[in-house]
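Asks: Quick note, the sequence shown lines up with residues 15 to 295 if you use this note's numbering. Note that the Cβ used here is the ideal one computed from N, Cα and C, for glycine as well.
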Amino acid sequence: MTLFFQQWYGELLKLFARRRTYIGFGAFVALEMIILLLIKRFGMGPIQRAIAGSGQSFEYYFSALTVASTVMGFSVFLLGALFLSLVAGDIVAKEGEDGHMRLLLARPVSRFRLLLLKYLTCTGYAFFLIQFLAWTSFLLGLVLRGWGGGYFAIVPEVSVVAFYDWGPGLERYALSSLYLGLSMTTISSIAFFLSCFRIKPAAATIGALTYILVDFIMRNSGFMESYQHLLVTKHMACWGRILAENIDWPLIWRGYAAIFAVNITLFTLGYAVFESRDLKS
């Protein structure tokens, strides 16, 4: 087990040695700075109207938590999907393209173990990137509004609108960020699966991003109203139910059971493809 963690540590070092790994972090920070300037210049009109329409005080609920939640809502899906697909689509395909995979498989390590280490690396990166977004957005909110106030939580995808005081709101925000990180691992799993084929890293990235966007468009178009349970973005949105005043845990666990099933299936199929490839000749 010690050797396994040493090998995983080596994979993480290799991942963070690549410059493209940091593009997502830089993009999120840049977006947060832009949003900060826009809020200072134009305010938060839609959020203000939503709070006022619910009969609550905008000054109280316009807090660091509300700002952080708004920034995440603007950016997490599209930018997160882009950069998670970029990293996970590269993790196997790039080494196969460069010929590094032959060197790795010359050592006494099974293909399953090698692939498992790479899968844990890209899913761990997905979780870490979302936590980075969540807490840098929170710091942005602290710079803008300081400590304290209420928390206005709104997730239209699951019809959640809730108001919290600072303490309970901070707990719900932290818990929802953890579940959001788990949801976003599905995007990494799709890109990782495609990366196991004999294709270019860019093809795996574009393929994963295309699938997620098509899934998202079909879900919001209304054509799949009776079949939304077949769409992965439907289950990924379960993280938003954590912010409801009364958490429907059975519905959340059902959604995450589907997410974990998709992740395990994609890894298994990716391994089957990878095992059948001739990498040594």
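Applying the 10 Å Cβ sphere with the 16-neighbour rule, what's the burial state of A44?
Replies: exposed
Asks: How far does the beta strand (DSSP E) with I37 in it reach, from first residue to last?
Replies: Unbroken run through I37 is the alpha helix (DSSP H), I37 to F56; no beta strand (DSSP E).
Asks: Looking only at its own chain, which residues have a Cβ that is under 8 Å from the Cβ of M238, when we skip the five neighbours before and after it?
Replies: The residues are M232, L244 and L245.
Asks: By the DSSP assignment, the beta strand (DSSP E) with Y178 in it spans what residues?
Replies: V174 to Y178
Asks: Taking the CB atoms as reference points, tell me whether D179 and G195 lie closer together than 8 Å.
Replies: Not in contact: D179 and G195 (Cβ atoms no closer than 8 Å).
Asks: Could you work out which residue in G269, F288, Q21 and I273 is closest to L134 when comparing CA atoms only?
Replies: Q21
Asks: Could you compute how far the alpha carbon of V81 sits from the alpha carbon of E46?
Replies: 10 Å
Asks: For G269, verify whether its CB is less than 7 Å away from any heavy atom of the ligand ATP.
Replies: The ligand ATP is absent from the structure shown, which contains no ligands of any kind.
Asks: In this structure, does DSSP put F72 in helix, strand or coil?
Replies: helix
Asks: What does DSSP give as the partner residue(s) for Y165 in the beta ladder?
Replies: Looking at the DSSP output, Y165 shares a beta bridge with Y178.
Asks: Out of F274, Y187, L223 and F97, which has the shortest C-alpha to C-alpha gap to R34?
Replies: F97
Asks: Specify, as a first and last residue, the run of the alpha helix (DSSP H) that G155 falls within.
Replies: R125 to R159
Asks: Does the distance from the CB of L257 to the CB of V169 come in under 8 Å?
Replies: Against a cut-off of 8 Å, the Cβ pair of V169 and L257 comes out as a contact.
Asks: Note down the Cα distance separating T224 from L100, rounded to an integer number of angstroms.
Replies: 12 Å
Asks: Give me the Cα-Cα distance between G67 and F166, rounded to the nearest whole angstrom.
Replies: 12 Å
Asks: Apart from the five residues on each side of it in sequence, which residues of its chain come closer than 6 Å, Cβ to Cβ, to E289?
Replies: R125
Asks: With 16 other CB atoms within 10 Å as the buried threshold, where does G103 fall?
Replies: buried
Asks: Are the segment 150-163 and the segment 171-178 touching by the rule of at least three beta carbon pairs closer than 8 Å?
Replies: no
Asks: Where A41 and L92 are concerned, what is the direct C-alpha to C-alpha distance, given to the nearest angstrom?
Replies: 12 Å
Asks: Is it buried or exposed, M250, if we count other Cβ atoms within 10 angstroms and call 16 or more buried?
Replies: buried
Asks: Measuring only the C-alpha atoms, how far is G221 from A205?
Replies: If I take the Cα positions, the gap works out to 7 Å.
Asks: For Y139, collect the residues of the same chain with a Cβ closer than 6 Å to its Cβ; drop the 5 residues on either side in sequence, then sort them by chain order.
Replies: V101
Asks: Between the Cα of T150 and the Cα atoms of S202, T84 and T279, which residue gives the shortest distance?
Replies: T84
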